[in-house]
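Trainee: I'd like to ask you about the structure that follows.
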Amino acid sequence: MPEEFYPGADEPIDAIDQRILAGLATLYATIDPVPSDLLERIDFALAVAELEADIAELTSGELIGVRGDATDSVTFTSGSLSLMITTVTSAHHARIDGWVTDPASTVDAVAEGVTRSATADDLGRFSMDAVPRGRVHFVVRREGYRPVITPSVEI
123 MPEEFYPGAD EPIDAIDQRI LAGLATLYAT IDPVPSDLLE RIDFALAVAE
173 LEADIAELTS GELIGVRGDA TDSVTFTSGS LSLMITTVTS AHHARIDGWV
223 TDPASTVDAV AEGVTRSATA DDLGRFSMDA VPRGRVHFVV RREGYRPVIT
273 PSVEI
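Using this note's numbering, you'd call the opening residue of the sequence shown number 123 and step up by one each time.
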């Protein structure tokens, strides 16, 4: 564009330009803030792409731990399997008891910086102790199938 449309466009950024840019940043942060879980969602998307995994959907239940001991359960399903988990939570950790439709599956609970694993028995049951409270997603691995990964839930 010609200089007449943008006077001073060739000059270096000065204090006035910086105030304008700071004002625009504040405006955008107010009217369209970056989602607080954006990094987690990016990590999840990259993990799914890396695993070339099937994605299970949350089909029933609500998993939200509260102070003290609380028990909640949720069910996830994908095209090839279902995973049901029940949690018993304490102040800092949760015990997870679960069932998966494909016996002998390996189930990982992936929390912030911690992964707990369990192998389902002949009936598809498994359990895990000392899973940290917070956001957790599950990865189910089975012989001959792509891994199945769930969305994160709060325990």
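Built from N, CA and C at the ideal position, the CB exists for glycine as well.
Do you know whose CA, among T148, S202, D136 and I142, lies nearest G266's CA?
Mentor: S202
Trainee: Between the region 137-147 and the region 155-172, can you find at least three pairs of beta-carbon atoms closer than 8 Å?
Mentor: Contact between the region 155-172 and the region 137-147 is absent, because fewer than three Cβ pairs lie under 8 Å.
Trainee: What does the alpha-carbon distance come out to for the pair I218 and V196?
Mentor: When rounded, the distance between both Cα atoms is 11 Å.
Trainee: Shortest alpha-carbon distance to W221 belongs to which of A242, I153 and D154?
Mentor: A242
Trainee: Please list the terminal residues of the continuous alpha helix (DSSP H) segment that includes A145.
Mentor: The amino acid occupying residue 145 in the given sequence is Gly; Ala does not appear at that position. Looking at the DSSP string, the run of the alpha helix (DSSP H) that includes G145 is A137 to I153.
Trainee: Helix, strand or coil: how does DSSP classify V170 here?
Mentor: helix
Trainee: With H, G and I counted as helix, E and B as strand and the rest as coil, what does DSSP make of I164?
Mentor: Residue state, collapsed to three classes: helix.
Trainee: With which residues is R217 paired in a DSSP beta bridge?
Mentor: Note: R217 is bridge-paired with V210 in the DSSP secondary-structure output.
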